[in-house]
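Take a look at the structure set out below.
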Amino acid sequence: MRAVLTLAHLVILEMVRRKDIYVLFVLTALLTLIAAAANIFDDTRVVRYLKEISLTLIWVSGLVLAVTSAARQIPAEREARTLFTMLAKPVSRWQFIAGKFLGCWLACGLALLVFYAFFGAVALSRERSLDLASWAQAISMHWFMLAVPVALALAGSLLWAAPSSNSTLTLVACFGIWLLGRHLHKVALGLPEPGATLLTLVYFTIPHLELFDIRDLIIHRWPPVPWVFWLGALLYAAAYAGMILTGAWLLFRRRPLN
Amino acid sequence: MPHTAIVILFLTSLALVTSLEPWFQSWQGNRAQSADLLAVLLGDARRAFANHFFIKADAYFHSGYYPSIFDNRAAFQTPHMAADAGALEEKNTGEEDDFLGPPRDWIDAFGRKFKPATHTHLDQGGAQTDASSHKEIELGESQDVREILPWLRASAALDPQKVEIYTTTAYWLRQRIGKTTEAEAFLRDGLRANPDSHEILFELGRIADEHRKDPARARNLWELALAKWQKFELQKKDPDTFSLLQIASHLALLAERESRWDECLHFLGLWKAASPKPDEIEKRITEVRQKIPAANHAKPPAPNPKP
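Residue numbers (my numbering), protein chains in the order written: chain A, 1 to 258; chain B, 1 to 307.
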């Protein structure tokens, strides 16, 4: 466990040193503030469009950050030849995968804290109140959701040598699921065979990232999700991330290092 | 040899520029002629974005409980915020409370716990509506409807020719948010972009009548709206009778209020022609006709125009 934590710590330090998080945060803040400057019929209490813009940017930034950071971990270690030294001893291959995953996931969590603090400040500036339960649910569900893209990108880096192709494919898959995932079964019902069966199979196989998107509830001030379902969603994300990581480890175990 | 080729290519391109440039400047599809940055950047695609933002405003009107393109949209063909504002004739059918239908599978059922699941309107309290108490929402409590305004404003900026944006926005601004001046200014912007719009003139007339308490101005605006309607809609294969009904009914009611009985009967006739329930308007015409002798009796004798 010590090796996993040490690796995770190194990944977090590397991500803090890199500029990705800062660039994404500044971009999110800048676009939100530009939107806030718009004059909406001299009414300063209009806030929901700002919450939507801010949360959408946070979601996009979170996905980009998670995928790009995870996709470069193994190729970078291989290129710098530190992978061979690390795996010689005392770090096993599963510890390496787990450490890299934990580091990326925790770093994403830290970034989300900053992003959601900004979102809270934007909402508070106009609404004068913040539903803490909903806010906590949004950040925790978003963080657990990011475990899946991180695991996917790590597994992808074992299949595709170049981080760029891995990042692109993982991002396309994640955005596709986020935007269309919940409609696949409906579309499948209207298709002829074998398309219907294939699409239904895809629907039941993919990790449904859109389940974690509770932006509409936050933006329109609906009551929080019942905590049982919130817990169910976290377990769902953990199960998928676990499965993908296990697959990545099995793949990594058989793969020659060079 | 390479130098000769370069010179020939240069001269050819120069010759092409001299013939293509004047054509490009006079070409109607030349975006560079437009002073509008959005038109230059997006071209005709801005209309698609404008429509998206208009629908987005309606999704906000429902606090996010809104069908996607994959769902049954029969109950949402006409945006409710526009139908409630009287800006568009409602053509909705089907069940608006349950457009999702029963869950198709466990993922669908589970996913619905993380999305808005109740049909509400922002002007009736939105997500904060207490369905159990059936409490009547007061004007001050329902001002959350202001949240639709950014999308309507963006929609108007992208497609200034979409008239229903102006009339819908003006209705909610004056009726719920109490911003009559802003509503009138927005309608004037709309009228500049659509000088022949009977819908915008009608809405301006409502502001004059209901908020400015200026019936003479309202009558002038509505009569102009009626003239525009007759000029442009009668030429169409399928004229907008919903607008005629609105204009004629308001003119008839105003004339009745001011005891201008001949005018009132004329506009009631127009109202009857446009109404889906002409029998009810016929009853009203009979009532007005009964009032006329009494009104004439009460009037002082008219001065003889000839001495």
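Cβ coordinates follow ideal geometry from the N, Cα and C atoms, glycine included.
Say whether the segment 185-197 of chain A touches the segment 90-110 of chain B, bearing in mind that this needs 3 or more beta-carbon pairs closer than 8 Å, one atom from each stretch. yes
Using a Cβ-Cβ cut-off of less than 8 Å, give me the residues of the segment 34-68 of chain A that come near chain B, in sequence order. Ala38, Ile40, Phe41, Asp42, Asp43, Arg45, Val46, Val47, Arg48, Tyr49
Ser63 (chain B), enclosing alpha helix (DSSP H) - first and last residue: As a first step, residue 63 (chain B) is located in the second sequence; it is residue number 63 there, counting from the start. First-last for Ser63 (chain B): undefined, no H or E at that position.
Smallest Cα separation from Tyr49 (chain A): which of B:Phe114, B:Arg112, B:Ala154? Residue 49 (chain A) sits at position 49 when you count from the first residue of the first sequence. Comparing Cα positions, the closest option is B:Ala154.
I want to see whether chain A comes within less than 8 Å of Leu139 (chain B), judged by CB atoms only; does it? Locating residue 139 (chain B) in the second sequence gives position 139, counting from the first residue. Confidence at Leu139 (chain B) is low in this model, with a pLDDT of 46, below 50, so the placement of that residue should be treated as unreliable; the coordinate-derived value is given next. Judged by the 8 Å Cβ criterion, Leu139 (chain B) is not in contact with chain A.
Counting Cβ pairs closer than 8 Å, one from the segment 105-123 of chain A and one from the segment 24-39 of chain A, do we hit at least three? yes
For Asp58 (chain B), does the three-state DSSP call read helix, strand or coil? In the second sequence, residue 58 (chain B) corresponds to position 58, counting from 1. Note: Asp58 (chain B) maps to helix in three-state DSSP.
Could you check if Arg221 (chain A) is buried or exposed, using at least 16 other CB atoms within 10 Å of its CB as the buried criterion? Start at 1 with the first residue of the first sequence, and residue 221 (chain A) comes out as number 221. Classification for Arg221 (chain A): buried.
Is Trp23 (chain B) close to chain A, meaning its C-beta is less than 8 Å from at least one C-beta of that chain? Taking the second sequence and counting its residues from 1, the one referred to as residue 23 (chain B) is at position 23. Closer than 8 Å: no.
At least one CB of chain B closer than 8 Å to the CB of Ile219 (chain A): is that the case? As a working note, residue 219 (chain A) is residue 219 in the first sequence. At least one chain B Cβ lies under 8 Å of Ile219 (chain A).
Quick check: the segment 2-16 of chain B against the segment 156-174 of chain A, are there 3 or more CB pairs under 8 Å? no
How about Ser69 (chain A) and Ala107 (chain A): do their beta carbons lie closer than 8 Å? In the first sequence, counting from the first residue as 1, residue 69 (chain A) sits at position 69. In the first sequence, counting from the first residue as 1, residue 107 (chain A) sits at position 107. Contact flag set, yes.
What is the rounded straight-line gap between the Cα of Ile206 (chain A) and the Cα of Phe53 (chain B)? Numbered from 1 along the first sequence, position 206 holds the residue referred to as residue 206 (chain A). Numbered from 1 along the second sequence, position 53 holds the residue referred to as residue 53 (chain B). Those two C-alpha atoms are separated by around 31 Å.
Amino acids of chain A, ordered along the chain, whose beta-carbon sits closer than 8 Å to that of Gly111 (chain B): What you label residue 111 (chain B) is simply residue 111 of the second sequence in a count that begins at 1. Those within 8 Å of Gly111 (chain B) in chain A are Arg182, His208, Glu210, Leu211.
Can you name the residues of chain B whose CB is closer than 7 Å to the CB of Asp216 (chain A)? Stepping through the first sequence from its first residue, residue 216 (chain A) is reached at position 216. By Cβ distance, chain B contributes Gly64, Lys115, Pro116.
Between Arg206 (chain B) and chain A, is the shortest Cβ-Cβ distance under 8 Å, so that the two count as touching? Counted from its first residue, the second sequence places residue 206 (chain B) at position 206. Closer than 8 Å: no.
Rounded distance between the beta-carbons of Arg219 (chain B) and Leu251 (chain B), thought under 8 Å: The residue given as residue 251 (chain B) occupies position 251 in the second sequence. The residue given as residue 219 (chain B) occupies position 219 in the second sequence. Confirmed, Cβ separation roughly 7 Å.
On the DSSP letters alone, give me the boundaries of the alpha helix (DSSP H) that Asn220 (chain B) sits inside. Numbered from 1 along the second sequence, position 220 holds the residue referred to as residue 220 (chain B). Counting along the chain, the alpha helix (DSSP H) containing Asn220 (chain B) begins and ends at 215-232.
In chain order, what residues of the same chain lie with their CB nearer than 7 Å to the CB of Asp214 (chain B), ignoring the 5 residues before and after it? Locating residue 214 (chain B) in the second sequence gives position 214, where the first residue counts as 1. Hits under 7 Å: Ala208.
Three-state secondary structure assigned by DSSP to Glu193 (chain A): As a position in the first sequence, residue 193 (chain A) is number 193, starting the count at 1. Three-state result, Glu193 (chain A): coil.
What residues in the segment 95-111 of chain B have a beta carbon less than 9 Å from any beta carbon of chain A? Arg104, Asp105, Ile107, Asp108, Phe110, Gly111
Only counting runs of 4 or more residues, tell me where the alpha helix (DSSP H) segments fall wholly within the segment 130-157 of chain A, in order along the chain. none
Taking 8 Å as the CB-CB limit, is Gly178 (chain B) close to chain A? Translated into positions along the second sequence, residue 178 (chain B) becomes position 178. No - not a single Cβ of chain A is within 8 Å of the one on Gly178 (chain B).
If I'm right that Arg78 (chain A) touches Arg253 (chain A) with Cβ under 8 Å, what's the distance once you round it to whole angstroms? The sequence position of residue 78 (chain A) within the first sequence is 78, counting from 1. The sequence position of residue 253 (chain A) within the first sequence is 253, counting from 1. Wrong, their Cβ atoms sit about 16 Å apart, outside the cutoff.
Let's see if you can read the secondary structure: which residues bound the alpha helix (DSSP H) around Trp222 (chain A)? For the purposes of this step, residue 222 (chain A) is taken as residue 222 along the first sequence, with counting starting at 1. No alpha helix (DSSP H) contains Trp222 (chain A), which DSSP labels as neither H nor E.
Could you work out which residues of chain A lie near Tyr60 (chain B), taking near to mean beta carbons separated by less than 7 Å? The residue labelled residue 60 (chain B) in the question sits at position 60 within the second sequence. Arg48, listed in chain order.
For Asp144 (chain B) and Gly125 (chain B), I'd like the C-alpha separation in whole angstroms. On the second sequence, position 144 is the one that residue 144 (chain B) refers to. On the second sequence, position 125 is the one that residue 125 (chain B) refers to. The alpha-carbon atoms of Asp144 (chain B) and Gly125 (chain B) are separated by roughly 7 Å.
Alpha carbon to alpha carbon, how far is Glu280 (chain B) from Val288 (chain B)? Here the question's residue 280 (chain B) lines up with position 280 in the second sequence. Here the question's residue 288 (chain B) lines up with position 288 in the second sequence. Distance between the alpha carbons of Glu280 (chain B) and Val288 (chain B): 13 Å.
Report the option in A:Gly62, A:Arg2, A:Phe41, A:Ala37 whose CA atom is closest to the CA atom of Val23 (chain A). Here residue 23 (chain A) is taken as the residue at index 23 of the first sequence, counted from 1. With distances taken between Cα atoms, Val23 (chain A) lies closest to A:Gly62.
For a contact meaning CB atoms closer than 8 Å, what does Leu173 (chain B) contact in chain A? Along the second sequence, read from residue 1 onward, the residue named residue 173 (chain B) stands at position 173. In chain order: Phe41.
Cβ contact check for the segment 162-177 of chain B and the segment 65-74 of chain B: 3 or more pairs under 8 Å: no
Based on Cα-Cα distance, which residue from A:Trp143, A:Met86, A:Tyr203 lies nearest to Leu234 (chain A)? Along the first sequence, read from residue 1 onward, the residue named residue 234 (chain A) stands at position 234. Closest option to Leu234 (chain A), Cα to Cα, is A:Trp143.
Does the distance from the C-beta atom of Ile214 (chain A) to that of Glu52 (chain A) stay below 8 Å? Stepping through the first sequence from its first residue, residue 214 (chain A) is reached at position 214. Stepping through the first sequence from its first residue, residue 52 (chain A) is reached at position 52. No, these two residues do not count as a Cβ contact at 8 Å.
Just the C-alpha distance for Met81 (chain B) and Asp58 (chain B), rounded to the nearest angstrom, thanks. In the second sequence, residue 81 (chain B) corresponds to position 81, counting from 1. In the second sequence, residue 58 (chain B) corresponds to position 58, counting from 1. Rounded to the nearest angstrom, the two C-alpha atoms are 6 Å apart.
Would a check of beta-carbon distances place Pro226 (chain A) closer than 8 Å to chain B? Mapped onto the first sequence, residue 226 (chain A) falls at position 226. Output row for Pro226 (chain A): interface = yes.
So is His142 (chain A) in contact with chain B if we call contact Cβ pairs under 8 Å? On the first sequence, residue 142 (chain A) is found 142 positions in, with the first residue counted as 1. His142 (chain A) does not count as touching chain B.
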